[in-house]
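Q: In the working numbering, the protein residues as written are 23 to 430.
The C-beta atom is built at its ideal place from N, Cα and C for all residues, glycine as well.
Right, here's the structure in full:
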């Protein structure tokens with residue numbers, strides 16, 4: 023497995039973290055071809071100023087159907103994760119690629135990941151679990167195992183996929199799920215792209231779960247993976263050279279809180295965190311923080327989360343405002359829609375450029391679910407009436423067929 027591409031996905035505010043990650047990859051895996059999926063819509067001149075010795079991509083480069091209105095449906099975290107499978111699929115299609123590794127931008131690599139490379143020879147899909155050993159205390163179960171049940175068994179700060187048939191089939195499946203259901207909606211069983219991975223070992227045959235103690239060490243498992251320094255100063259996790267550490271939750275304070283809870287505010291882990299913070303501070307001077315491209319409308323008005331949800335859940339709004347970033351008169355409509363409150367109904371999401379068709383059976387299921395929630399049923403009926411009035415029965419039937427074009 024020699025031709026490996028590695029990528030991360032991040033908005034502009036995470037460029038200092040990307041710099042740390044890519045510098046560590048350059049040391050330990052200079053042979054891997056690095057890619058940054060920059061979740062912005064920057065002009066070429068601005069992109070050229072991002073000096074990271076990596077191939078740079080943006081969402082507009084990924085062949086995502088109707089990507090601009092689709093992007094409107096997502097928060098920053100949601101969009102940065104929703105685009106990952108599309109990048110994966112594009113890289114797997116390259117002739118110079120045998121496998122793709124994804125790493126979150128807040129990861130740092132500390133040694134050669136030879137076991138990851140070896141595992142890719144035997145498995146098409148590699149995952150790492152949040153926990154790889156049972157908790158021994160009630161507090162540990164509540165803090166970690168219950169959290170995994172809510173947010174996902176596997177941590178998608180890392181995933182590796184080969185160009186084998188199962189790998190490409192997985193990438194296509196992941197694209198389809200992320201296009202519609204990449205949401206931070208834990209009460210309804212969704213957490214961005216991560217919860218979907220719980221299904222992967224059941225749906226695909228060639229799946230490897232890497233339980234090694236030195237891979238994807240993070241605040242949620244470091245208490246079970248004792249970190250020490252060897253005689254040569256190398257960091258070891260349960261005696262094995264530390265592969266990569268995931269500094270998740272550092273900005274929010276969650277990482278420090280977890281360290282305090284585990285009694286790890288000093289020692290090797292604390293040294294890693296301090297060194298990481300110093301590196302970020304140094305790189306922050308190179309990449310001053312800028313406003314997120316997708317955080318505001320074209321007139322500069324900040325987009326509220328409730329507006330995104332209202333647009334995502336209402337096919338009629340999507341049809342009425344195909345370019346929500348510039349649509350005049352849309353805000354009042356979104357405010358009225360948002361004022362109805364969030365629903366416990368899981369909508370089919372953005373439908374204007376969906377990757378897969380909706381057959382009649384699926385529409386019937388949607389109607390049955392919507393009937394339990396009058397407001398959702400009203401949305402669907404309004405959309406159907408609009409299509410019927412404009413295109414008649416033929417247009418309505420076309421949109422309900424699996425092979426049709428524009429959808430309801």
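#1: Just to confirm my understanding: we take residue 183, look at its own chain, exclude 5 residues before and 5 after, and list those with CB closer than 7 Å. What are they?
#2: Look at residue 57 and residue 30 and say whether their C-beta atoms are less than 9 Å apart.
#3: Is residue 337 helix, strand or coil by DSSP?
#4: Determine whether the beta carbon atoms of residue 88 and residue 112 lie at a separation below 9 Å.
#5: Whole-angstrom Cβ separation of residue 126 and residue 179, contact assumed at under 8 Å?
#6: Helix, strand or coil: how does DSSP classify residue 73 here?
#7: Among 46, 38, 27, 34, which one has its Cα closest to the Cα of residue 306?
#8: If you compare alpha carbons, which of 225, 290, 217 is closest to residue 251?
#9: Does residue 241 pass the burial test, meaning 16 or more other C-beta atoms within 10 Å, or should it be called exposed?
#10: Under three-state DSSP, which class holds residue 235?
#11: Which term fits residue 102, buried or exposed, when burial requires 16 or more other beta carbons within 10 angstroms of its beta carbon?
#12: Is DSSP giving residue 52 helix, strand or coil here?
#13: One question on the structure: do residue 74 and residue 105 come within less than 9 Å of each other, judged by their Cβ atoms?
#14: Considering only DSSP beta bridges, list what residue 431 is partnered with.
#15: Can you list, in chain order, the stretches of the alpha helix (DSSP H) that have 4 or more residues and sit fully within the region 140 to 198?
#16: Residue 96 by DSSP, collapsed to three states: which one?
#17: Could you check which residue in 72, 43, 371, 55 has the C-alpha nearest to that of residue 338?
#18: Could you give the DSSP three-state label for residue 267: helix, strand or coil?
#19: Helix, strand or coil for residue 40? Go by DSSP, reduced to three states.
#20: Between the Cα of residue 63 and the Cα atoms of 76, 54, 45, 32, which residue gives the shortest distance?
#21: Do you know offhand how far residue 304's Cα is from residue 296's?
#22: With DSSP run on the structure shown, which of helix, strand or coil describes residue 251?
#23: Is residue 225 closer than 9 Å to residue 257 when the C-beta atoms are compared?
#24: When DSSP labels each residue in this structure, what does residue 129 get in the three-state scheme?
#25: By the DSSP assignment, the alpha helix (DSSP H) with residue 29 in it spans what residues?
#26: Taking the straight line between their C-alpha atoms, what separation do you get for residue 228 and residue 212?
#27: Compare the C-alpha of residue 328 against each of 69, 96, 82, 66 and name the closest.
#28: From what residue to what residue does the beta strand (DSSP E) around residue 259 run?
#29: With 16 as the cutoff for other CB atoms within 10 Å, does residue 67 come out buried or exposed?
#30: Tell me the rounded alpha-carbon separation between residue 77 and residue 323.
#31: Would you give the residue range spanned by the alpha helix (DSSP H) that residue 293 belongs to?
#32: Whose CA, out of 153, 181, 159, lies closest to the CA of residue 169?
#33: Between the C-alpha atoms of residue 91 and residue 45, what's the straight-line distance to the nearest angstrom?
A: Per the coordinate set shown:
#1: 110, 114, 121, 122, 146, 147, 189, 192, 193
#2: yes
#3: helix
#4: no
#5: 4 Å
#6: coil
#7: 38
#8: 290
#9: buried
#10: coil
#11: buried
#12: coil
#13: no
#14: Residue coverage of the chain in this structure runs from 23 to 430, which leaves residue 431 outside it and unanswerable.
#15: 168 to 173
#16: coil
#17: 371
#18: strand
#19: helix
#20: 32
#21: 13 Å
#22: strand
#23: no
#24: strand
#25: First-last for residue 29: 26 to 32, but that is the beta strand (DSSP E), not the alpha helix (DSSP H).
#26: 24 Å
#27: 96
#28: 257 to 259
#29: exposed
#30: 32 Å
#31: 290 to 306
#32: 153
#33: 35 Å
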